[in-house]
Structure formats: C-alpha cells, structure tokens
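The numbers in full-length UniProt numbering rise by one with no breaks, and the one at position 60 of the sequence shown is 60.
We put the beta carbon where it would ideally sit given N, CA and C, even for glycine.
Beneath this line is the structure, given in structure tokens, with notes to follow.
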Amino acid sequence: MDNNSYNNFVGAIHHFVSGWSKSRTKGEVLLTHESGGVICSFDTPIGSVKRKHEAFIWNLSEFDLQSFKASINGLCCSTESSGLLRLFRQIYSFEACPTT
C-alpha cells in the first residue's frame, strides 16, 4: 500500500471510530490518536461490560503499547476497564497494576 492509500485508510478509520464512539454515549468522548491506533476515552462507562476506554488498533508494529499501558495504569483495577485490559493481558501478558 502506498503512502497516500495508507493515509486515506487511516483517515477512514478515524472517521469510523469518531462516529462509533459518539454513538455509544451522550457524554463526552476524547479520541487519542496514536500511531497505528486510536484510544477512545468516555466520561460515562459504555457497554454491557462497563468500561471507559476502547482501543482500535490497525498496526501493532506502529502502535505505542508502552504509552497505552501508561495511560490506563491508574484505571486498570476498576470494573469499567476490565474487558479491555483482560484482552491486552491475554495478548501481551502484562499487569498494568498489582492484583489485590
């Protein structure tokens, strides 16, 4: 994929994520654009497994996993983010905070 096609692809994903995230809540949504991914942060938990964060990653080789882990470190023990963290723990085998 050439650079222009890749930029169009990324732009389309950003539009999709923006629309998807706004459709999930009546509250505020913050989109953090990382290289290779987007992190959605909601002021009100969403979903049947309540969570305040959702990540869309399309390029794991570019996505800054260390930055992502740092951004969720204080939230990982809460039930609102457990679904997302369970997924990342399974994939990357990390503990973002001590277990109690």
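Starting from the C-beta of residue i, find all residues in its chain whose C-beta is less than 7 Å away, skip the five residues before and the five after it, and write them out in chain order.
i: Leu31; result: Val17, Ser18, Ser21, Val38, Cys40
i: Thr25; result: Phe42, Thr44, Ile46
i: residue 102; result: Any question about residue 102 goes unanswered here, given that the chain covers just 1 to 100.
For residue i, which beta-bridge partners are listed by DSSP?
i: Thr44; result: Thr44 is not bridged to any residue.
i: Ile39; result: Thr32, Ala55
Leaving aside the five residues before and after residue i along the sequence, list all residues of the same chain whose C-beta is less than 8 Å from its C-beta, in chain order.
i: Ser23; result: none
i: Ser93; result: Note on Ser93: pLDDT 44, under 50, position unreliable in the model; the coordinate value appears next. None.
i: Ser61; result: Gly36
i: Met1; result: Phe9
Can you give me the C-alpha to C-alpha distance between residue i and residue j, rounded to a whole angstrom?
i: Phe42; j: Glu28; result: 6 Å
i: Ser5; j: Ser48; result: 36 Å
i: Asn8; j: Gly36; result: 13 Å
i: Asn59; j: Val10; result: 10 Å
i: Ala55; j: Asn3; result: 23 Å
Buried or exposed, going by whether 16 or more other CB atoms sit within 10 Å of the CB of residue i?
i: Phe63; result: buried
Write down the C-beta distance between residue i and residue j rounded to the nearest angstrom, noting that I regard them as a contact closer than 8 Å.
i: Gln33; j: His14; result: In the sequence as presented, Gln is not what sits at residue 33; that position holds His. Right, their Cβ atoms sit about 7 Å apart.
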